[in-house]
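First comes the structure, then the notes that go with it.
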Amino acid sequence: MSRYRFPDGFIWGAATSAYQIEGSPLADGAGPSIWQRFAHTPGMMANGDHGDTACDHYRRYKEDVQLMRALGLHSYRFSVAWARVLPEGTGRVNQKGLDFYSRLVDELLQHGIQPNVTLFHWDLPAALDDRGGWLNRDSAHWFADYASVVFKALDGRVQRWSTINEPWVVTDGGYLHGVLAPGHRSKYEAPIAAHNLMRASGAGIQAYRAVGRHEIGVVFNIEPKYPASQRPDDEAAAQRAHAYMNEQFADPALLGSYPPALKDIFGDAWPDFPADDFQLTRQPVDFVGINYYTRSVVKHDEQGYPCRASRVRQHHATHTETGWEVYEQGLADTLMWFKHRYGDLPLYVTENGAAFYDPPVAEGEVVEDPLRVAYLRKHLRTLHQCIEDGINLKGYYAWSLLDNLEWSLGFAKRFGLYHVDYASLTRTPKASAKFYAKVIETNGTALA
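Residue numbers for the sequence shown follow the numbering used here, so the first one is 18 and each next one is one higher.
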């Protein structure tokens, strides 16, 4: 038996999100989202890019399912655009929007690919943002009502659900630093938005228990923090950064509390949340999704906002186009930390991948991307070792199926297994797609 063979039943997948690939954001009665609004606000997006066309997946989904079939995917993780289903965020259901996801699910199942549905991947309906968005405590109930509509339509065919994807990014980028939708910059707003996101996740899980028959969980992006030196102030900075990025969201969901360091980080901006809220945030989950891309080495920095810490670039390392260090050991450290802190929950790596330079126009039948192939090989070998070390890991989803809109970075950063020519929308496999297909076909033995 090959040294890299994964357990029988291990799920191999790939992931995307709605606003990044679908295009046609207002088609068939859909309402605008905060990302539709943000992308059309001058100066917010690199190169003036937006998601009006993106990868045109809304119209080309059957073609894209064929790409998944060529990879041999067991599962496809995608998100539902809330405003397609509920144009005003609450109330009236837009059946045409819901029907798109129903057709996509049917197409996946027809080709033996299990849908893995994320309910919220950052694209809050603009109508709800006008009512305060995640700063409004009612947002938890808005989310549960929306989730119930989607559950009732799709749960008979969808066996795996996630509530919220990467709540840290929503709050850090959208409410603290203003670089992501909705573009706010407030130390006072960020913890409120974060808390309401976790209340919404809990409310969504409650809603699922009322009508659902399969599995539901939540997805966190975890970035391990390592001190730049053994100096006490650097070690304390790493602990603060870790509490802020990682424990701030997993703790209320899985432990029913917040780490004490957050009061130190936010100072007078940290609210006293009602104790009853944690009965809502801490709902039993069937699994947790972990999105892992890189690590941070940090030092104490009084000007480092908000944690009094700043990242120290590792000059000896390979870095991706987004400036992220390639550090596969961080994935192992993340999964082991998660097990030790939160128990032996079933885990999925729900996103993992890298942006490296690919030409705008594909030349030939395959785009060569050796750095991405190396990235995948290193991280998948690490995951195999994690399983041998006792991590309860059930599956892996590469980010991303397609080159797509990398949020406010626009189309300049390519993460896809398939190259997208944004002028013609032609899809071309990269060498990483061929490599990943072989890994799937051999259940990991091709990693040798």
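Beta carbons: idealized from backbone N, C-alpha and C, even for Gly.
Because the structure is a prediction, the values reported are computed rather than measured.
- For R325 against D318, the beta-carbon gap comes to about 6 Å, under 8 Å, which counts as contact.
- Collapsing the DSSP output to three states places W341 in coil.
- The shortest CA-to-CA distance from F428 to any of A334, V134, H67 is the one to H67.
- Membership of K316 in the beta strand (DSSP E) is indicated by the continuous run 313-317.
- Here the C-alpha atom of K411 lies approximately 12 Å from the C-alpha atom of D303.
- The continuous stretches of beta strand (DSSP E) do not include P142, and DSSP gives it neither H nor E.
- Listed in chain order, the non-local C-beta contacts of L348 below 8 Å within the same chain comprise Y309, V366, N369, H396, T399, L400, C403, local neighbours out to five positions each way being set aside.
- Of all C-beta pairs linking the region 36-51 to the region 64-79, three or more are shorter than 8 Å, placing the two stretches in contact.
- Under the criterion of beta carbons closer than 8 Å, N421 and Q37 qualify as touching, at roughly 4 Å.
- Here the C-alpha atom of A465 lies approximately 26 Å from the C-alpha atom of E382.
- Under the rule that a run must span 3 or more residues, the beta strand (DSSP E) segments found entirely inside the region 220-281 read 232-238, 242-244.
- Taking a 10 Å sphere around the C-beta of P142, we find 16 or more other C-beta atoms and assign the residue as buried.
- For A210 and G219, the gap between their C-alpha atoms comes out near 14 Å.
- Rounded to the nearest whole angstrom, the C-alpha separation of I408 and V235 is 18 Å.
- Taking each of V343, R358, Q320 in turn and checking the Cα distance to R330, the smallest one comes out for V343.
- For D250, the closest C-alpha among the options K316, E458, V456 is that of K316.
- Short of 8 Å from the beta carbon of Y413, and not among the five residues preceding or following it, lie these beta carbons of its own chain, in chain order: F27, I28, W29, G30, Y365, V366, N369, L397, L400.
- The region 289-300 and the region 351-363 do not touch, with fewer than 3 CB-CB distances between them shorter than 8 Å.
- When DSSP states are grouped into helix, strand and coil, A210 belongs to the helix group.
- Taken through DSSP and simplified to helix, strand or coil, S441 comes out as coil.
- Contact between R299 and L271 holds: CB atoms are separated by about 7 Å, below the 8 Å threshold.
- Counting C-beta pairs with one atom in each stretch, the region 123-132 and the region 85-99 have three or more that are closer than 8 Å, which means they touch.
- Separation of W52 and P24 (C-alpha to C-alpha, rounded to the nearest whole angstrom) is 39 Å.
- Taking the C-beta atoms as reference points, F373 is found no nearer than 8 Å to E423.
- The alpha-carbon separation between E385 and Y275 amounts to approximately 45 Å.
- Using a 10 angstroms sphere on the CB of Q265, the tally of other CB atoms reaches 16 or more, which defines it as buried.
- For A161, there is no enclosing beta strand (DSSP E); the enclosing alpha helix (DSSP H) has its first and last residue at 156-171.
- Ranking H201, G149, F117, T188 by CA distance to the CA of A170 puts F117 first.
- Looking from the CA of F283, the closest CA among P208, L152, G173 belongs to P208.
- Apart from sequence neighbours up to five positions away, the residues of its chain that approach V110 with a beta-carbon distance below 8 Å are V102, L103, V166, ordered along the chain.
- Cβ neighbours of A224 within its own chain (closer than 6 Å, five residues either side excluded): A161, A164, S165.
- Under the three-state reduction of DSSP output, H128 falls in the coil class, being neither helix nor strand.
- Of the residues G60, E80, M61, the one whose Cα lies closest to the Cα of T443 is E80.
- In the assembly as shown, N64 is an exposed residue. Its beta-carbon has fewer than 16 other beta-carbons within 10 Å.
- DSSP, read as helix, strand or coil, puts L88 in helix.
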